[in-house]
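A.B. asks: Offset between the sequence shown (1-based) and the working numbering: plus 329. Here a beta-carbon is modelled for each residue, glycine too, at the ideal position from N, C-alpha and C. All of these numbers come straight from a predicted model, not from anything done at the bench. Quick one: this structure, given as structure tokens, is what I'll be asking you about.
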Amino acid sequence: MTGAFEVYAYIVSAGVFGILFAAYLFWEVSKIKVTRRGDGYALLSSDTRHQTADRLFEIYCAIQEGARAFLLAEYTLCIAFLVVFGAVVLVLTSFTNKDGKQFDWLFGTLNATAFAVGGLTSMAAGYMGMMVAVYSNARTTVSAMKEGARGWRESFNTAFRAGAVMGFGLSSIALLVLFILIKVFETQYPLSTDYKKLFEAISGYGLGGSSIAMFGRVGGGIYTKAADVGADLAGKVVENIPEDDPRNPATIADNVGDNVGDVAGMGSDLFGSLAEATCACLVISTQSPEIIAAGWPAVLFPLVITATGIFVSAMVSFLATHVWPVKKEKDVETVLKVQLFASTLLMTVLVIPVAMWLLPSSFSIGGSYSGCGVAALSAL
Numbered sequence: 330m331t332g333a334f335e336v337y338a339y340i341v342s343a344g345v346f347g348i349l350f351a352a353y354l355f356w357e358v359s360k361i362k363v364t365r366r367g368d369g370y371a372l373l374s375s376d377t378r379h380q381t382a383d384r385l386f387e388i389y390c391a392i393q394e395g396a397r398a399f400l401l402a403e404y405t406l407c408i409a410f411l412v413v414f415g416a417v418v419l420v421l422t423s424f425t426n427k428d429g430k431q432f433d434w435l436f437g438t439l440n441a442t443a444f445a446v447g448g449l450t451s452m453a454a455g456y457m458g459m460m461v462a463v464y465s466n467a468r469t470t471v472s473a474m475k476e477g478a479r480g481w482r483e484s485f486n487t488a489f490r491a492g493a494v495m496g497f498g499l500s501s502i503a504l505l506v507l508f509i510l511i512k513v514f515e516t517q518y519p520l521s522t523d524y525k526k527l528f529e530a531i532s533g534y535g536l537g538g539s540s541i542a543m544f545g546r547v548g549g550g551i552y553t554k555a556a557d558v559g560a561d562l563a564g565k566v567v568e569n570i571p572e573d574d575p576r577n578p579a580t581i582a583d584n585v586g587d588n589v590g591d592v593a594g595m596g597s598d599l600f601g602s603l604a605e606a607t608c609a610c611l612v613i614s615t616q617s618p619e620i621i622a623a624g625w626p627a628v629l630f631p632l633v634i635t636a637t638g639i640f641v642s643a644m645v646s647f648l649a650t651h652v653w654p655v656k657k658e659k660d661v662e663t664v665l666k667v668q669l670f671a672s673t674l675l676m677t678v679l680v681i682p683v684a685m686w687l688l689p690s691s692f693s694i695g696g697s698y699s700g701c702g703v704a705a706l707s708a709l
């Protein structure tokens, strides 16, 4: 019988490992220097190298400044939303009208707390992803200025590692924060008969993450499109300046918008999806008497799957950067597909022993929950 401590240690070690691996990848990206001297710009002549380096550094700093300013403005509104809507969640989830009580303020407080923590974690995920993306954009450009296959390999590796920083950091932080929330809430619902209420309170974590993701996706998308159309109208139509010309200030706003919508919004969206899916699995698992009887190892199976995915993704990531590197343009799609198939195949194989390790030999859930799952799969 697997003990709870072993499962706790596995989850925490995976979260810590993911954060450390993200830090390692960020260190690899940071070794590429963006300076005004133009070191490493092999495709440029010595006459244009310093001029290009100055221009690249100037544009990089402008985009970085714009990205920070936008996130500051957006997240200020998001915090206000969390406060107001958190109060609504507190009141609505506290209202039970059961067992002679109209309000269960403990449950409502825990649900609202999970909502706020989910929202703040989603904001942190979006900020981290956007800052890493802006930081790596210029470094990818510098890497692409190298000759031949070396330029393809190093520019792809830089972009790939920067994306992996967000992926590993996001999933690891989401895993650790959710685990900590569960253990804190357990102090208020310590009995196995309380598991259902415990994870219903935890479900606010996914709601908070998705709420902020909505702001990131919708707000970022509107800003992106407004900046894009504004840049085109002001540049090509009014001043006859080519598209994406840095002489047009709106082009900088357009690039900021691309990072806002495609990176910050996506980071929050990915966090929201992960948090929602995990919380849904936890809530559904409490409908099975066999899983409840098996204790915490079986109940925390969804978190163990995420933890296993962190280890698998870390191993598979070296296929793209070391085992099968990109050497030409056509290799990019192939290498990314290898990543997808290799991680999916390895994860599929490992899910079997993990399930045998933690889950009871047989279990059942209510037919209504099974029906929801079948309906969702049919919709896909």
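What distance in whole Å lies between the Cβ atoms of residue 593 and residue 579, which are believed to be in contact at a cut-off of 8 angstroms?
C.D. replies: Numbered from its first residue, the sequence shown carries residue 579 at position 250. Numbered from its first residue, the sequence shown carries residue 593 at position 264. Not really, about 20 angstroms apart at Cβ, beyond 8 angstroms.
A.B. asks: Would residue 632 pass as a contact of residue 348 if the rule is Cβ separation under 8 angstroms?
C.D. replies: Locating residue 632 in the sequence shown gives position 303, where the first residue counts as 1. Locating residue 348 in the sequence shown gives position 19, where the first residue counts as 1. Not in contact: residue 632 and residue 348 (Cβ atoms no closer than 8 angstroms).
A.B. asks: Kindly indicate which three-state DSSP category residue 431 falls into: helix, strand or coil?
C.D. replies: For this step, residue 431 is matched to residue 102 along the sequence shown. The answer is strand: DSSP assigns residue 431 an E or B state.
A.B. asks: Please confirm whether residue 392 and residue 463 have their CB atoms less than 8 angstroms apart.
C.D. replies: Counting from 1 along the sequence shown, the entry for residue 392 is found at position 63. Counting from 1 along the sequence shown, the entry for residue 463 is found at position 134. Yes. Within cutoff.
A.B. asks: Which full runs of the alpha helix (DSSP H) of 4+ residues lie inside the region 583-657, going along the chain?
C.D. replies: Segments of the alpha helix (DSSP H) lying fully in the region 583-657: 594-614, 618-623, 625-628, 630-647.
A.B. asks: Compute every distance between the C-beta of residue 587 and the non-hydrogen atoms of the ligand FAD, then say whether any falls below 7 angstroms.
C.D. replies: The ligand FAD is absent from the structure shown, which contains no ligands of any kind.
A.B. asks: Go ahead and label residue 465 buried or exposed: buried means 16 or more other beta carbons lie within 10 angstroms of its beta carbon, across all protein chains shown.
C.D. replies: The count along the sequence shown starts at 1 and reaches residue 465 at position 136. Looking at its Cβ environment, which holds 16 or more other Cβ atoms inside 10 Å, residue 465 is buried.
A.B. asks: Let's see if you can read the secondary structure: which residues bound the alpha helix (DSSP H) around residue 479?
C.D. replies: Looking up residue 479 in the sequence shown gives position 150. That run of the alpha helix (DSSP H) goes 477-515.
A.B. asks: For residue 424, which of helix, strand or coil comes out of DSSP?
C.D. replies: Here residue 424 is taken as the residue at index 95 of the sequence shown, counted from 1. Three-state DSSP puts residue 424 in a strand.
A.B. asks: Give me the residue from 637, 422, 664, 480 with the minimum Cα distance to residue 497.
C.D. replies: If you number the sequence shown from 1, residue 497 lands on position 168. Ranking 637, 422, 664, 480 by Cα distance to residue 497 puts 637 first.
A.B. asks: From the DSSP output, in three-state form, read off residue 572 for me.
C.D. replies: Counted from its first residue, the sequence shown places residue 572 at position 243. Here residue 572 sits in coil by DSSP.
A.B. asks: Distance, Cα to Cα, residue 542 vs residue 555?
C.D. replies: The residue labelled residue 542 in the question sits at position 213 within the sequence shown. The residue labelled residue 555 in the question sits at position 226 within the sequence shown. Their backbone Cα atoms lie some 19 angstroms apart in a straight line.
A.B. asks: Assign residue 538 to buried or exposed, taking buried as 16 or more other Cβ atoms, counted over all protein chains shown, within 10 Å of its Cβ.
C.D. replies: Counted from its first residue, the sequence shown places residue 538 at position 209. Label assigned to residue 538: buried.
A.B. asks: Exposed or buried, residue 739, counting other C-beta atoms within 10 Å across all chains shown (16 or more means buried)?
C.D. replies: The requested residue 739 does not occur in the structure, where the chain is confined to residues 330 to 709.
A.B. asks: So residue 487 and residue 358 are supposed to be a Cβ contact under 8 angstroms. How far apart are they, rounded?
C.D. replies: Against the sequence shown, residue 487 aligns to sequence position 158. Against the sequence shown, residue 358 aligns to sequence position 29. Their Cβ separation, rounded to whole angstroms, is 6 angstroms, which keeps residue 487 and residue 358 in contact under 8 angstroms.
A.B. asks: Could you tell me whether the region 557-575 touches the region 476-492, where touching means 3 or more Cβ pairs closer than 8 angstroms?
C.D. replies: No: fewer than three Cβ pairs fall under 8 angstroms.
A.B. asks: Using DSSP with H/G/I as helix, E/B as strand and the rest coil, what is residue 346?
C.D. replies: Working through the sequence shown from its first residue, we reach residue 346 at position 17. In the structure shown, residue 346 sits in a helix (DSSP, three-state: H, G or I).
A.B. asks: Using 8 angstroms as the cut-off, can you tell me whether the region 415-423 makes contact with the region 436-447, which would need three or more C-beta pairs spanning the two stretches below that distance?
C.D. replies: Enough Cβ pairs lie closer than 8 angstroms, so yes.
A.B. asks: Which residue comes first and which comes last in the alpha helix (DSSP H) that contains residue 555?
C.D. replies: For this step, residue 555 is matched to residue 226 along the sequence shown. 549-561 is the extent of the alpha helix (DSSP H) around residue 555.
A.B. asks: Contact defined as beta carbons within less than 8 angstroms: I believe residue 457 pairs with residue 588. What is the distance between those atoms, to the nearest angstrom?
C.D. replies: Taking the first residue of the sequence shown as 1, we reach residue 457 at position 128. Taking the first residue of the sequence shown as 1, we reach residue 588 at position 259. That belief does not hold up - the Cβ atoms of residue 457 and residue 588 are roughly 12 angstroms apart, past 8 angstroms.
A.B. asks: How far does the alpha helix (DSSP H) with residue 527 in it reach, from first residue to last?
C.D. replies: Start at 1 with the first residue of the sequence shown, and residue 527 comes out as number 198. Looking at the DSSP string, the run of the alpha helix (DSSP H) that includes residue 527 is 524-531.
A.B. asks: Have a look at 400, 526, 567 and flag the residue whose alpha-carbon is nearest the alpha-carbon of residue 433.
C.D. replies: Counting from one through the sequence shown, the residue named residue 433 turns up at place 104. Residue 433 has its Cα closest to that of 526, out of 400, 526, 567.
A.B. asks: From the DSSP output, in three-state form, read off residue 474 for me.
C.D. replies: On the sequence shown, position 145 is the one that residue 474 refers to. Coil at residue 474, not helix or strand.
A.B. asks: Could you give the C-beta distance for residue 620 and residue 628, rounded to a whole number, given that I count them as a contact under 8 angstroms?
C.D. replies: Walking along the sequence shown from the start, residue 620 turns up at place 291. Walking along the sequence shown from the start, residue 628 turns up at place 299. With 8 angstroms as the limit, residue 620 and residue 628 qualify as a contact, their Cβ atoms being about 6 angstroms apart.
A.B. asks: Residue 553 and residue 596 look like a contact to me (Cβ under 8 angstroms); what is the Cβ gap, rounded to whole Å?
C.D. replies: Residue numbering aside, residue 553 sits at position 224 when the sequence shown is read from its first letter. Residue numbering aside, residue 596 sits at position 267 when the sequence shown is read from its first letter. So it is not a contact: roughly 15 angstroms between Cβ atoms.
A.B. asks: Could you give the C-beta distance for residue 354 and residue 468, rounded to a whole number, given that I count them as a contact under 8 angstroms?
C.D. replies: Taking the first residue of the sequence shown as position 1, residue 354 is located at position 25. Taking the first residue of the sequence shown as position 1, residue 468 is located at position 139. About 12 angstroms separates the two Cβ atoms, so there is no contact after all.
A.B. asks: Give the DSSP-derived three-state secondary structure of residue 518 in the structure shown.
C.D. replies: As a first step, residue 518 must be located in the sequence shown, where it is residue number 189. The answer is coil: DSSP assigns residue 518 none of H, G, I, E or B.
A.B. asks: Excluding five sequence neighbours on each side, which residues of the same chain lie with their C-beta closer than 8 angstroms to the C-beta of residue 650?
C.D. replies: If you number the sequence shown from 1, residue 650 lands on position 321. If we look at residue 650 and ignore the five residues flanking it on each side, its Cβ neighbours are 486, 489, 490.
A.B. asks: Give me the Cβ distance between residue 623 and residue 689, rounded to the nearest whole Å; I'm assuming they're in contact under 8 angstroms.
C.D. replies: In the sequence shown, the residue the question calls residue 623 occupies position 294. In the sequence shown, the residue the question calls residue 689 occupies position 360. Indeed, because the Cβ distance is near 5 angstroms, the residues count as touching under 8 angstroms.
A.B. asks: State the Cα-Cα distance for the pair residue 669 and residue 678, rounded to the nearest angstrom.
C.D. replies: Along the sequence shown, one-based indexing puts residue 669 at 340. Along the sequence shown, one-based indexing puts residue 678 at 349. Each residue's alpha carbon lies about 14 angstroms from the other.
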